[in-house]
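Keeping their order, the protein sequence lines are chains U and F.
Anchor point for the first sequence: position 52 equals 38 in this note's numbering, and the numbering is continuous, going up by one each time.
For this note's numbering, add 365 to where a residue sits in the second sequence, where the first one is 1.
Every residue gets a Cβ at the ideal spot worked out from N, C-alpha and C, and that includes glycine.
Values in this document were obtained by computation on a predicted structure and should not be read as measured data.
Below you'll find the structure, written out as structure tokens, and then a few comments.
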Amino acid sequence: MTHHLDARRLLCPLPVIKIQEYVKTLYPGDILEIVCTDKGSLSDITAWCRIHGHYLLSSSKQNQEIFMTIQIGIC
Amino acid sequence: MKKAVALISGGLDSMLATRVIQEQGIYVEGINFYTGFCVEGHTQAIRNSQPNKVKRNSALWAAEQLGIKLHIIDIIQDYKQIVLNPKYGYGSHLNPCLDCKIFMVNRAKQWMEKNQFDFIITGEVIGQRPKSQLKKYMPIVAHESKADDILLRPLCAKLLAPTLVEREGWVNREKLHGFSGRSRGPQFDLAKKFDFQEYAQPAGGCCFLTNGHYTKKLKDLWKHRGRKDYEFDDIILLKVGRHIRPHSDFKLIICRDEGENHFLESYQHQYTSLKPISHLGPLSLIEGKINAEYIHFAAKIAARFTDAKSNDKVTLEISSVSGSIQTIKVFPFTADQIPKEWYISS
């Protein structure tokens, strides 16, 4: 199942906190699409995924917005 | 296997404390508290001053180096009472370091119990910080946080009474350390031993409440609102721009670079804003009471920070909170017409 999370305007580490809380409601294999604007989000969310065993499937930047897709791992 | 929760700031000491315990075969996870006053993340995110510096959260980065899970906990609301009414008072600025440490260790204890961990570790070193890490304060933190005997400080444990963690043999006290004082030498040696190549060393600490420029703005906010309180957006905006108060009724927040300009655009629906359109210059917000006279006055100040000469008339777009837009033409104030006392901080 694919879920969406809007973390625009939030400064680090709030996007990570928001994802962390949202992911608690998801199941392994679920997909989460995130949009954020904090420039540090790309490295922070990537690191958070590695630490917690989730998979970053894609990331891209368009104007000021960063789009990331992660798949929930078994943790 | 025993499990420990480590308070991870992202700095070297919490990394070392964690690794010391990991070396004894203990499973560790980290927690990091977000108060809203954290320095590096926001400064990096907003400003363009160090475009080549890697923008990353130090706690997450440290956790990854240590190979531990990290849980970042939002304590913005609960932390307000610590900032507004600290039982043990402030340090040299508005830093309630001792109350802060007690609060965080207590929250760590709650997390530990909920997640069935066995003890708490911190990177505290006796004498490292004047307010919260004096030897006489260490038992106060342990007692008032209710962590008591399950709070272990691996970097200075040998200088303190043995905790339950040591007495029960969960960790070998002999393999802990006895660091004290402000010298960082022993920590650097241990970092070398653990092969930590890189670690965050924030100059001036990691909390804006220890920063005189920042706390001057926070005190100004309390004074002119007539009450000691704040909302999250208040403490974020104190990190951005030049703050100039020409009148007790209002102040201007004037961006210092393109990054701040972009950031403050997202606040235009909450504050009246001024944007030069005839010349290059920064976006400004007006915080406080608004009337035509104040707007005209604010526009002359804002125009001063454009590339206009003093005899150029500057056109600014004034956007109100309701979304209405009007333009205004003003001659900029000269440098002499903006007294130093108006600058709450640079």
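Cβ of residue i within 6 Å of any heavy atom in the ligand MG?
i: residue 8(U); result: No copy of the ligand MG appears in this structure; indeed no ligand is present at all.
Based on the DSSP secondary-structure assignment, which residues constitute the bridge partners of residue i?
i: residue 691(F); result: 683(F)
i: residue 44(U); result: 55(U)
i: residue 640(F); result: 682(F)
i: residue 397(F); result: 437(F)
i: residue 565(F); result: 376(F)
i: residue 712(F); result: Here chain F comprises residues numbered 366 to 711, so residue 712(F) is not present and cannot be evaluated.
i: residue 536(F); result: Answer is none; residue 536(F) lacks a bridge partner.
i: residue 545(F); result: 491(F)
i: residue 453(F); result: Note: residue 453(F) sits in no beta bridge, so no partner.
i: residue 517(F); result: 486(F)
i: residue 572(F); result: 403(F)
i: residue 392(F); result: 368(F)
Along the chain, where does the beta strand (DSSP E) that runs through residue i open and close?
i: residue -12(U); result: -12 to -7
i: residue 138(U); result: The requested residue 138(U) is not part of the displayed model; chain U covers only -13 to 61.
i: residue 370(F); result: 368 to 372
i: residue 618(F); result: 615 to 619
i: residue 652(F); result: 649 to 653
i: residue 21(U); result: 17 to 22
i: residue 611(F); result: 607 to 612
i: residue 708(F); result: 708 to 710
Can you name the start and end residues of the alpha helix (DSSP H) that residue i belongs to?
i: residue 92(U); result: The structure shown has nothing for residue 92(U), since chain U only spans -13 to 61.
i: residue 589(F); result: 577 to 590
i: residue 558(F); result: 550 to 558
i: residue 423(F); result: 423 to 431
i: residue 462(F); result: 462 to 479
i: residue 601(F); result: 597 to 602
i: residue 360(F); result: Any answer about residue 360(F) is impossible in this case: the structure gives chain F only from 366 up to 711.
i: residue 629(F); result: 623 to 630
i: residue 658(F); result: 657 to 669
i: residue 504(F); result: 503 to 509
In or out: residue i buried (at least 16 other Cβ within 10 Å) or exposed?
i: residue 576(F); result: buried
i: residue 14(U); result: exposed
i: residue 694(F); result: exposed
i: residue 397(F); result: buried
i: residue 657(F); result: exposed
i: residue 61(U); result: exposed
i: residue 503(F); result: buried
i: residue 443(F); result: exposed
i: residue 366(F); result: exposed
i: residue 11(U); result: exposed
i: residue 686(F); result: exposed
i: residue 669(F); result: buried
i: residue 498(F); result: buried
i: residue 378(F); result: buried
i: residue 432(F); result: exposed
i: residue 548(F); result: exposed
i: residue 380(F); result: buried
i: residue 603(F); result: buried
i: residue 645(F); result: exposed
i: residue -1(U); result: buried
i: residue 41(U); result: exposed
i: residue 383(F); result: buried
i: residue 54(U); result: buried
i: residue 674(F); result: exposed
i: residue 580(F); result: buried
i: residue 704(F); result: exposed
i: residue 460(F); result: buried
So which residues on chain U does residue i lean against when the C-beta distance must stay under 8 Å?
i: residue 363(F); result: In the structure as shown, chain F begins at 366 and stops at 711. Residue 363(F) is therefore absent and cannot be evaluated.
i: residue 627(F); result: 50
i: residue 574(F); result: Within chain U, no residue comes near residue 574(F); the closest Cβ sits about 17 Å away, beyond 8 Å.
i: residue 555(F); result: Ordered by position in chain U, no residue passes the 8 Å Cβ test against residue 555(F), which lies about 23 Å from the chain.
Quick one: list the residues of chain U neighbouring residue i, beta-carbon separation under 7 Å, in chain order.
i: residue 428(F); result: 37
i: residue 631(F); result: -5
i: residue 434(F); result: 37 and 38
i: residue 648(F); result: Within 7 Å Cβ-Cβ: nothing; residue 648(F) doesn't reach chain U, min ~15 Å.
i: residue 529(F); result: Going along chain U, no residue has its Cβ under 7 Å from residue 529(F), so there is no contact; the nearest lies around 29 Å.
Since residue i meets chain U, which of its residues come closer than 9 Å, beta carbon to beta carbon?
i: residue 525(F); result: Neighbours of residue 525(F) on chain U: none; closest Cβ ~31 Å, over 9 Å.
| said: What are the residues in the region -9 to 17 of chain U lying within 8 Å of chain F by C-beta distance? | reply: -5, -3, -2, -1, 0, 2, 3 and 6
| field | Residues within the region 28 to 49 of chain U neighbouring chain F, beta-carbon criterion of under 7 Å | value | 29, 30, 33, 34, 36, 37 and 38
| Interfacial residues, the region 578 to 612 of chain F to chain U, with Cβ spacing under 8 Å | 601
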